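Residue numbers (this note's numbering): 283 to 704.
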């Protein structure tokens with residue numbers, strides 16, 4: 283197992299290129315199961331979750347060819363299996379995304395209940411209810427979801443009781459081959475969903491309301507789609523994380539290959555804290571702040587402040603003057619990084635889903651342990667400003683979602699080493 287050793291308080295300067303969005307790539311990879319022709323996907327990030335999804339597709343019988351480290355050609359014309367086994371699915375929760383396309387195309391599938399980051403309750407009930415609304419029969423037996431629709435799926439209204447990104451994506455993919463019209467009400471509005479819609483539209487699926495909370499899908503009357511090649515959008519969470527690298531170290535950094543309007547909740551908050559930002563068509567340059575003010579954040583669904591940036595802003599709050607308050611409304615049990623930040627000297631108090639951070643605090647290097655994907659990046663941010671050397675353990679969480687993070691930070695001047703645990 284690897285860990286990162288980080289020397290703190292090293293000046294940073296330069297630019298960083300943002301990778302493709304993992305959270306857009308995963309549903310698009312799953313959607314290739316709907317296609318009867320080969321599809322080329324560009325700008326895939328080289329992260330563990332993408333490799334796991336590619337392996338799952340291969341196990342189902344898809345042909346895979348890596349044309350370069352970030353471009354994958356997938357052929358799902360002659361799939362051999364419709365069973366997503368526990369050994370593959372347990373590695374990440376996003377594996378549930380194969381449920382919709384497999385069921386829609388083959389009228390029956392067996393998908394193991396998923397794994398992934400242990401952040402609160404992320405029930406698959408919303409996915410199963412959506413499939414049932416389209417006419418599927420669902421049974422859960424021995425840890426597997428057994429879904430079947432012998433006569434195919436039929437368009438219907440799907441109302442999500444709670445906004446679900448992956449639930450919306452699964453419903454979209456299933457509806458793309460359902461007979462008639464499906465309406466998804468209380469749909470998630472993330473840019474990653476908009477890109478999935480564009481991908482499905484390239485195969486002839488008619489979708490109205492893209493970017494809104496109500497989607498109307500007219501399924502293609504065919505056994506499969508003819509999807510076109512696609513380039514994955516830049517990762518807004520990775521971009522936000524590197525903006526926080528600049529913010530916490532109070533450095534001038536340029537973040538390249540981004541879509542600024544995907545980052546508005548993040549950039550608005552950084553400006554409120556005291557940073558000046560030079561926002562261009564596909565880049566943002568962050569400039570040092572004369573004074574960093576405390577702030578308040580409440581996590582919300584897109585376009586609100588993303589829960590996936592909450593941990594990084596908690597680290598940043600330790601360097602802001604005054605008392606910052608962060609309220610987490612989307613997941614319970616998502617403050618596990620707080621106790622690790624306290625090991626570095628952070629002044630944080632927790633009360634249910636609210637964290638109060640007093641700053642500015644001088645942090646001191648220590649050994650800390652990552653508990654999930656975004657927590658790992660928050661600990662790295664804190665280590666960059668801590669006095670002395672820090673070691674961040676269990677970085678397999680980091681490798682699930684960040685491409686070459688230590689290489690990118692080192693290119694800015696940081697001193698980060700990846701080492702093996704003894």
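Note that beta-carbon positions come from the ideal geometry of N, C-alpha and C, so glycine has one too. Keep in mind the model is a prediction, meaning the values are calculated, not measured.
Would DSSP call residue 567 helix, strand or coil?
Residue mapping note: residue 567 aligns to position 285 of the chain shown, counting from 1. Strand, per DSSP.
Would you call the stretch 494 to 501 and the stretch 463 to 480 touching, i.e. three or more CB-CB distances under 8 angstroms?
yes
Compare the Cα-Cα distances from residue 590 to each of 295, 522, 516 and report the closest residue.
As a first step, residue 590 must be located in the chain shown, where it is residue number 308. Here the closest residue by C-alpha is 522.
Between residue 292 and residue 666, is the Cβ-Cβ spacing less than 9 angstroms?
Indexing the chain shown from 1 puts residue 292 at position 10. Indexing the chain shown from 1 puts residue 666 at position 384. Yes; because the gap between Cβ atoms is below 9 angstroms, this pair is in contact.
Runs of beta strand (DSSP E) lying entirely within the stretch 299 to 343, each at least 3 residues, in chain order:
Fully enclosed beta strand (DSSP E) runs of 3 or longer: 321 to 324.
Residue 788 bridges to which residues according to DSSP?
No answer is possible for residue 788: it lies beyond the span of the chain, which begins at 283 and ends at 704.
Is it buried or exposed, residue 375, if we count other Cβ atoms within 10 angstroms and call 16 or more buried?
Residue numbering aside, residue 375 sits at position 93 when the chain shown is read from its first letter. Answer is buried; the Cβ neighbour count reaches 16.
Bridge partner(s) assigned by DSSP for residue 355:
Taking the first residue of the chain shown as 1, we reach residue 355 at position 73. Paired residues: 322, 347.
Is residue 294 helix, strand or coil by DSSP?
Counted from its first residue, the chain shown places residue 294 at position 12. In the structure shown, residue 294 sits in coil (DSSP, three-state: anything other than H, G, I, E or B).
Assuming residue 430 and residue 390 form a contact by the criterion Cβ under 8 angstroms, report the distance between their Cβ atoms to the nearest whole angstrom.
The residue given as residue 430 occupies position 148 in the chain shown. The residue given as residue 390 occupies position 108 in the chain shown. Correct: roughly 4 angstroms between the Cβ atoms.
What ranges does the alpha helix (DSSP H) occupy inside the stretch 517 to 568, keeping only unbroken runs of at least 4 residues that lie completely in it?
Listed in chain order, the alpha helix (DSSP H) elements of length 4 or more contained wholly in the stretch 517 to 568 are 518 to 531, 546 to 555.
Which two residues bound the contiguous alpha helix (DSSP H) that contains residue 371?
Within the chain shown, numbered from 1, the residue matching residue 371 stands at position 89. 368 to 371 is the span of the alpha helix (DSSP H), which, as asked, contains residue 371.
Through-space distance from residue 518 to residue 547, alpha-carbon basis
Here residue 547 is taken as the residue at index 265 of the chain shown, counted from 1. Here residue 518 is taken as the residue at index 236 of the chain shown, counted from 1. Roughly 11 angstroms between the two C-alpha positions.
Which of helix, strand or coil does DSSP assign to residue 450?
On the chain shown, position 168 is the one that residue 450 refers to. Under the three-state reduction of DSSP, residue 450 is assigned to helix.
For the beta strand (DSSP E) that residue 287 lies in, which residues bound it at each end?
Here residue 287 refers to the residue found at position 5 of the chain shown. Element bounds for residue 287: 284 to 289.
Assigned secondary structure, residue 593 (DSSP; H/G/I helix, E/B strand, else coil):
As a working note, residue 593 is residue 311 in the chain shown. In this structure, residue 593 counts as helix in the three-state DSSP scheme.
Only counting runs of 3 or more residues, tell me where the beta strand (DSSP E) segments fall wholly within the stretch 592 to 663, in order along the chain.
604 to 609, 629 to 633, 636 to 641, 649 to 651
Distance between beta carbons of residue 560 and residue 329, contact taken as under 8 angstroms
Here residue 329 refers to the residue found at position 47 when the chain shown is read from its first residue. Here residue 560 refers to the residue found at position 278 when the chain shown is read from its first residue. About 29 angstroms; that fails the 8 angstroms criterion.
Tell me whether the beta-carbon of residue 325 lies closer than 9 angstroms to the beta-carbon of residue 516.
Counting from 1 along the chain shown, the entry for residue 325 is found at position 43. Counting from 1 along the chain shown, the entry for residue 516 is found at position 234. Yes; because the gap between Cβ atoms is below 9 angstroms, this pair is in contact.
Counting C-beta neighbours from all protein chains within 10 Å, is the total for residue 622 16 or more, i.e. buried, or is it exposed?
The residue labelled residue 622 in the question sits at position 340 within the chain shown. Label assigned to residue 622: buried.
What would DSSP say about residue 428, mapped onto helix, strand or coil?
Against the chain shown, residue 428 aligns to sequence position 146. Residue state, collapsed to three classes: strand.
Do the stretch 477 to 494 and the stretch 405 to 423 make contact, defined as three or more Cβ pairs closer than 8 angstroms?
no
Going by Cα to Cα distance, which pick from 678, 683, 669 is closest to residue 288?
For the purposes of this step, residue 288 is taken as the residue at position 6 of the chain shown. The shortest C-alpha separation from residue 288 is found at 669.
Who are the near neighbours of residue 395 in its chain, counting only those whose CB is closer than 6 angstroms to its CB and skipping five residues on each side?
Locating residue 395 in the chain shown gives position 113, counting from the first residue. Cβ within range, chain order: 425.
Residue(s) in a DSSP beta bridge with residue 280
In the structure displayed, the chain extends from 283 to 704; residue 280 sits before or after that span and is not available.
6 angstroms CB neighbourhood of residue 705 in its chain, flanking five on each side removed
The question about residue 705 has no answer, for the chain in this structure spans 283 to 704.
What is the residue span of the alpha helix (DSSP H) that residue 419 lies within?
Residue 419 sits at position 137 when you count from the first residue of the chain shown. Not the alpha helix (DSSP H): residue 419 falls in the beta strand (DSSP E), residues 419 to 423.
Simplified DSSP state of residue 672, which is helix, strand or coil
On the chain shown, residue 672 is found 390 positions in, with the first residue counted as 1. DSSP places residue 672 in strand when its eight states are reduced to three.
Are the Cβ atoms of residue 557 and residue 569 separated by less than 9 angstroms?
For the purposes of this step, residue 557 is taken as residue 275 along the chain shown, with counting starting at 1. For the purposes of this step, residue 569 is taken as residue 287 along the chain shown, with counting starting at 1. Yes, they are a contact pair.
Going by the beta-carbon positions, is the gap between residue 484 and residue 463 smaller than 9 angstroms?
For the purposes of this step, residue 484 is taken as the residue at position 202 of the chain shown. For the purposes of this step, residue 463 is taken as the residue at position 181 of the chain shown. Cβ distance not < 9 angstroms, so residue 484 and residue 463 don't count as in contact.
Given 8 angstroms as the limit, is there contact between the stretch 632 to 642 and the stretch 604 to 611, that is, 3 or more CB pairs closer than that?
yes
Which same chain residues end up closer than 6 angstroms to residue 699 when comparing Cβ atoms and leaving out the 5 residues on each side of it in sequence?
Taking the first residue of the chain shown as position 1, residue 699 is located at position 417. Contacts found: 287.
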